[in-house]
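Residue numbering for the sequence shown follows UniProt numbering, starting at 1 and increasing by one per position.
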Amino acid sequence: MITTTPVSPDVDALGTWLPVPGFGVLAVNAFVIRAARPVLVDTGLAALGEAFLKALEQSIDPARLEWIWLTHPDPDHVGNLAAVLEHAPNARVVTTFLGMGKLGLLGLPVDRVHLVNPGQCLDAGDRGLLAVAPPVFDAPESTGLFDPSTGTLFSADCFGALLPAPAGSAAEVDPGVLCAGMIGWATVDAPWLHRVDRGRFRESLQAVTDLQPRRVLSSHLPPAEAMTGTLLGNLAKAPDAPPFIGPDQAALEGMMAA
1 MITTTPVSPD VDALGTWLPV PGFGVLAVNA FVIRAARPVL VDTGLAALGE AFLKALEQSI
61 DPARLEWIWL THPDPDHVGN LAAVLEHAPN ARVVTTFLGM GKLGLLGLPV DRVHLVNPGQ
121 CLDAGDRGLL AVAPPVFDAP ESTGLFDPST GTLFSADCFG ALLPAPAGSA AEVDPGVLCA
181 GMIGWATVDA PWLHRVDRGR FRESLQAVTD LQPRRVLSSH LPPAEAMTGT LLGNLAKAPD
241 APPFIGPDQA ALEGMMAA
């Protein structure tokens, strides 16, 4: 099931929750930005293809889309790209050079690609959308975006959290549970964090602070309003957390039996 939820006057979240056995649930979000030149941020899970298209249609006529911004071409971000492109004949796919290469390897269309790099802006008609490199990522081509006109940061996988149950907003989650869930997700999604220079990592977090986002929309967290300081503080603890070690085969069989 995918729900279409307004998170601001010009942004809808197309969201679902993915069960992660033994760890809780993980939000999987795409977003529609109703700019003068409308933007879809990511295209969801292929397994929910028909539901995703219906949710998209509740937010906007896909034929109006001019941009499809891919934060990175992982399966939960490009699952319905081909289908959306069929319904959005005028849309261009925004990615990086490396992202374009991965799309080609996945057999996805690359003839409608528009390349951006962090620090560059995309013209959305009534606003410029700034491409940003998130401080935590699981793919080198990961590129978030910041809308200065609304103070909204679309952060890709960064600030995601494994949570015990779905929530309508990050503010609804107990602060301790949110912190543990964010650290848990960061250690899973970015195992390199344990090897990173702490000073350089603080610089990457400071780059987010400098943007002064009022709203953070992560691919894997409920919408977070006026919580940037809290989110950054939680994430700052991740490099010193115990590394994630996944279940082995015996543990997996035990989980399946239970």
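Every residue, glycine too, gets a C-beta built ideally from N, C-alpha and C.
Note: residue 33 is bridge-paired with 11, 39 in the DSSP secondary-structure output. Spatial neighbours of residue 126 in its own chain (CB-CB distance under 6 Å, excluding positions within 5 residues in sequence) are listed in chain order as 35, 36.
Contiguous beta strand (DSSP E) elements confined to the segment 152-190 occur at 152-154, taking only those with 3 or more residues. Inclusion of residue 79 and residue 26 in the CB contact set at 7 Å is not warranted, their separation being larger than that value. The C-beta of residue 54 has fewer than 16 other C-beta atoms within 10 Å across all chains shown, which makes the residue exposed. In summary, residue 191 is exposed, with fewer than 16 beta-carbon neighbours lying within 10 Å of its beta-carbon over all protein chains present.
Around the CB of residue 14, 16 or more other CB atoms lie within 10 Å, so the residue is classed as buried.
Here residue 116 is near residue 94, since their CB atoms are less than 7 Å apart.
Listed in chain order, the non-local C-beta contacts of residue 160 below 8 Å within the same chain comprise 26, 27, 182, 185, 186, 189, 218, 219, 220, 221, local neighbours out to five positions each way being set aside.
In this structure, the alpha-carbon of residue 256 lies about 39 Å from that of residue 110. Shown here, residue 202 sits in a helix according to DSSP, grouped into three states. Taking 7 Å as the cut-off, the beta carbon of residue 134 is found no closer than this to the beta carbon of residue 119. By the C-beta density criterion, residue 99 is buried, having at least 16 other C-beta atoms within 10 angstroms. Beta-carbon to beta-carbon, residue 91 and residue 67 are separated by about 6 Å, close enough to satisfy the 8 Å threshold. Going by C-alpha positions, residue 74 is about 15 Å away from residue 97. Remark: C-beta atoms of residue 215 and residue 152 approach each other more closely than 7 Å. For the pair residue 106 and residue 245, the Cα-to-Cα distance works out to about 28 Å. Within 10 angstroms of the beta-carbon of residue 149 lie fewer than 16 other beta-carbons, which makes it exposed. If you draw a 10 Å sphere on the C-beta of residue 24, you find 16 or more other C-beta atoms in it, and that means buried.
Residue 102 and residue 42 have their C-alpha atoms some 15 Å from each other. Counting the other CB atoms within 10 Å of its CB gives residue 172 a total below 16, which places it among the exposed residues. Here residue 50 is exposed: its Cβ has fewer than 16 other Cβ atoms, across all protein chains shown, within 10 Å.
For residue 250, the enclosing alpha helix (DSSP H) starts and ends at 249-257.
In the three-state DSSP reduction, residue 97 falls in the helix class (H, G or I).
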